[in-house]
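In our numbering, the protein residues as written are 81 to 404.
Quick look at the structure:
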């Protein structure tokens, strides 16, 4: 089985878009070219246009200088064997119940019963992670996760009750807008805006494992509030500079551990150390801080000053908890 091929690449997607658009609405050559340029590569039109318009693919017909699709409305691409094998593998992931209902899982198991999974979850070994993740098979956890996911999709305010390590049980109205997964902690968190008396109060990050109930809320979204602006703000880019020693295979571990972050790494011959400049979304700052601290003395934070302050505060807080 070829794992890497061009099937269902952008060419497939752009042709599908053209055919669906041209089912009831004839398109000019210029309009087709624009769709290709917007959804594929700049040179793609040279390859796709002749085959579409000159009949080689026999997918469109010329009607008074415009082109109509010969196929039915909403062209759907069939599922490949590779895609089915990938889906079969996902069914063995304990987190799948968060996104699919029980009857949907059973349907896919029956539908894919004659296929071997693309991979076995048990073949993967994760290191530099905590062993105790969220209870993904707990019915209350599943229901709370689904309720939050539904609220995010509908952009609705919900009441959330959760256990705080410092303040006991907290309850309030929140507008959730993002669910985040930490591979290191094996935990999900929800980012939400606290709403009270029709006003936005603050931005909150809540571990879903701490949530006890999710319900409906009578609060309304403030008229001046823009959820899109809030989401864009959460994507604001910041950076941190770290120095990495060669001890304990630290460089290779860092490159793998921070692979999902944009970064630039340089080697300094005079110090025999590496300096890495990591860019990250501000919303991911706490997660990145925890990851950096997990490396211990093989990593030293060089800046900026704000991030250094966060490191000091985190270490001091941990020292207080341990009574050091």
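Just so you know, even glycine gets a beta-carbon here, dropped at the ideal spot from N, CA and C.
Length of the line joining the Cα atoms of residue i and residue j
i           : j           : result
residue 95  : residue 303 : 41 angstroms
residue 218 : residue 157 : 36 angstroms
residue 374 : residue 115 : 47 angstroms
residue 224 : residue 269 : 12 angstroms
residue 338 : residue 206 : 14 angstroms
residue 370 : residue 385 : 17 angstroms
residue 90  : residue 130 : 17 angstroms
residue 296 : residue 283 : 19 angstroms
residue 318 : residue 103 : 46 angstroms
residue 365 : residue 389 : 13 angstroms
residue 230 : residue 307 : 16 angstroms
residue 215 : residue 221 : 7 angstroms
residue 275 : residue 299 : 7 angstroms
residue 334 : residue 213 : 22 angstroms
residue 145 : residue 159 : 34 angstroms
residue 188 : residue 399 : 49 angstroms
residue 101 : residue 204 : 43 angstroms
residue 152 : residue 182 : 33 angstroms
residue 263 : residue 341 : 14 angstroms
residue 383 : residue 391 : 10 angstroms
residue 352 : residue 346 : 11 angstroms
residue 266 : residue 280 : 30 angstroms
Contact belief for residue i with residue j at Cβ below 8 angstroms, rounded distance in angstroms
i           : j           : result
residue 106 : residue 147 : 6 angstroms
residue 359 : residue 322 : About 12 angstroms; that fails the 8 angstroms criterion.
residue 261 : residue 237 : Contact flag wrong, Cβ pair sits at about 23 angstroms.
residue 112 : residue 132 : 7 angstroms
residue 243 : residue 294 : The Cβ separation is near 14 angstroms, so there is no contact.
residue 241 : residue 292 : 5 angstroms
residue 201 : residue 173 : 6 angstroms
residue 117 : residue 125 : 6 angstroms
residue 381 : residue 324 : No, residue 381 and residue 324 are not in contact; Cβ-Cβ is about 11 angstroms, not under 8 angstroms.
residue 248 : residue 239 : No, residue 248 and residue 239 are not in contact; Cβ-Cβ is about 17 angstroms, not under 8 angstroms.
residue 141 : residue 119 : 22 angstroms between Cβ atoms; not a contact.
Paired residues, beta bridge with residue i - DSSP
i           : result
residue 420 : Residue 420 falls outside the range modelled here, since the chain spans only 81 to 404, and no answer is possible.
residue 255 : 273
residue 287 : 269
residue 318 : 360
residue 264 : Answer is none; residue 264 lacks a bridge partner.
residue 278 : Note: residue 278 sits in no beta bridge, so no partner.
residue 381 : 322
residue 343 : 358
residue 294 : 240
Burial state of residue i (16 or more Cβ within 10 Å)
i           : result
residue 177 : buried
residue 289 : buried
residue 272 : buried
residue 443 : In the structure displayed, the chain extends from 81 to 404; residue 443 sits before or after that span and is not available.
residue 149 : buried
residue 396 : exposed
residue 256 : buried
residue 320 : buried
residue 168 : buried
residue 368 : buried
residue 92  : exposed
residue 354 : buried
residue 387 : buried
residue 81  : For residue 81, the predicted model reports a pLDDT of 43, less than 50, meaning its position is unreliable and no value from the coordinates is stated.
residue 372 : buried
residue 234 : exposed
residue 286 : buried
residue 232 : buried
Whole alpha helix (DSSP H) elements within the stretch 179-258, 4-residue minimum: Complete alpha helix (DSSP H) runs here, min 4: 182-191 and 219-234.
Start-end ranges of the beta strand (DSSP E) lying completely within the stretch 95-182, minimum 3 residues: Fully enclosed beta strand (DSSP E) runs of 3 or longer: 140-143 and 146-149.
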